[in-house]
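Some notes on the structure that comes next.
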Amino acid sequence: MAPELSPTVCRRRLAVELRRLREAVGLSGVQVADQLKWSTSKISRLENGQILPRERDVRTLLTHYRIGSSTSQFLLGLAARAESKGWWDAYADTLPESYVTYVGLESAAEEMLTWQSRGIPGLLQTVEYARALNSTETFTRLSPGEVERRTQVRVRRQALVSEQRLRVSAVVDESALLRRFGSEQVMRDQLRHLYALAELPNVSVRVLALDGPHPIDSDSFVILKFPEVNGFGPLYDDVVYLENVAGGMFQEDEATTYRFRLLLDHLRDASLSEAESMALIASRAEL
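According to full-length UniProt numbering, the stretch in the sequence shown is residues 1 to 287, in order.
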């Protein structure tokens, strides 16, 4: 399956490539701006992903850097897609900016690795559980309309799992199976839903037991991994998303994402096996 060219990922990959290509020909941003009669801030903002890359500007830069046809074709394809909007943009007025960006990145990922210390992973939640979770107090209480829109976004994201377009490997603290959001029935239905999804070939759930070794005290985080593009490596490098009630924060440098991957491996090794985890979930769900 060809990778999903999410506008969010296209913009970010294109920004990285424009900087890399400029540096490869030994030019500074000031020199390029002077040669093309552009402002230096335009070059900087294009390379930092702060402005939408117009296809004509990308074509001008590729010609100026004398880039070959195959690379130019790939990058112009990114530029064309970068100008479009994803479905998540319709919700941008009621979501933190970092979360909107995250949804755009997630839509293009091929694998999600996550540690959840507080609740069930978003992509594995029922509608009722998601609504109850979004209704809890944060820094300011969300209005009913905001709760509903956030719940709608979470449900739309879940198509990645049900359509098996995304592999999900989750380590969940046992406390998340006990911490109730909504009624007892909501929690029971949620755990049964989690059990059913864990039987899908693209979903793996491991539980870190409360009475076992607990190797870290870490907030929840997500690692997104992206598919390969023929001849151009991964569509985008690994991204770590650190979740919090204010919206979240990204870590993208290779050394940091590698450490989080090791951290997740450590958590998985300390967790129950998949079979033991399924048995525990089943018991909590009264299956």
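Virtual Cβ for every residue (Gly too), placed ideally from N, Cα, C. As the structure is a computational prediction, the values presented were derived from the model and not from experiment.
Asked	Found
Looking at the secondary structure, which residues open and close the beta strand (DSSP E) in which Lys-225 lies?	221-225
Give the straight-line distance between the Cα atoms of Gln-31 and Arg-54, rounded to the nearest whole angstrom.	20 Å
Relative to the C-alpha of His-266, which residue among Asp-217, Val-100, Phe-74 and Leu-166 is closest?	Asp-217
Identify, in the order they occur along the chain, each residue of the same chain with its Cβ nearer than 7 Å to the Cβ of Met-278, setting aside the five sequence neighbours on each side.	Tyr-195 and Ala-198
According to DSSP, which residues form a beta bridge with Gly-233?	Val-229
When the distance is taken between beta carbons, is Arg-206 closer than 8 Å to Leu-272?	yes
Hey, Ser-117 and Asp-211: beta-carbon distance below 8 Å or not?	no
Here's the rule I'm using: 16 or more other beta-carbon atoms within 10 Å means buried, otherwise exposed. How should Ser-6 be labelled?	buried
Roughly how many angstroms lie between the CA atoms of Ser-204 and Glu-174, to the nearest whole one?	15 Å
Within the continuous beta strand (DSSP E) that includes Phe-250, where are the two ends?	249-251
Under DSSP, the alpha helix (DSSP H) around Arg-20 begins and ends at which residues?	7-24
Leaving out the 5 sequence neighbours to the left and right, which residues in its chain are closer than 7 Å to Ala-79 when beta-carbon positions are compared?	Leu-14, Pro-53, Glu-55 and Val-58
I'd like to check one pair, Ala-130 with Arg-154: are the Cβ atoms closer than 8 Å?	yes
Compute the distance between the beta-carbons of Arg-150 and Asn-134, then report whether it is under 8 Å.	yes
Quick one: Cα of Ala-109 to Cα of Lys-225, how far?	6 Å
Go through its chain and collect everything with a Cβ distance to Phe-260's Cβ below 8 Å, but skip five positions before and after it.	Phe-221, Ile-223, Val-240 and Gln-251
Under DSSP, the beta strand (DSSP E) around Arg-167 begins and ends at which residues?	167-173
Compute the Euclidean distance between the alpha carbons of Leu-61 and Leu-18, then round it to the nearest angstrom.	8 Å
DSSP three-state call for Tyr-65: helix, strand or coil?	coil
Under the three-state reduction of DSSP, which class applies to Ser-204: helix, strand or coil?	strand
Which value, in whole angstroms, describes the spacing of the CA atoms of Leu-287 and Ile-281?	9 Å
Bridge partners of Leu-242, per DSSP?	Phe-221 and Met-249
Could you check the C-alpha separation between Pro-121 and Leu-160 for me, to the nearest Å?	13 Å
Quick one: what's Met-112 bridged to in DSSP?	Val-168 and Leu-224
Taking the beta carbon of Ser-162 as the centre, do at least 16 other beta carbons fall within 10 Å, making it buried, or is it exposed?	exposed
Just how far apart, CA to CA, sit His-214 and Leu-113?	18 Å
My understanding is that Tyr-65 touches Arg-22, with C-beta atoms under 8 Å, so please give their C-beta distance in whole angstroms.	7 Å
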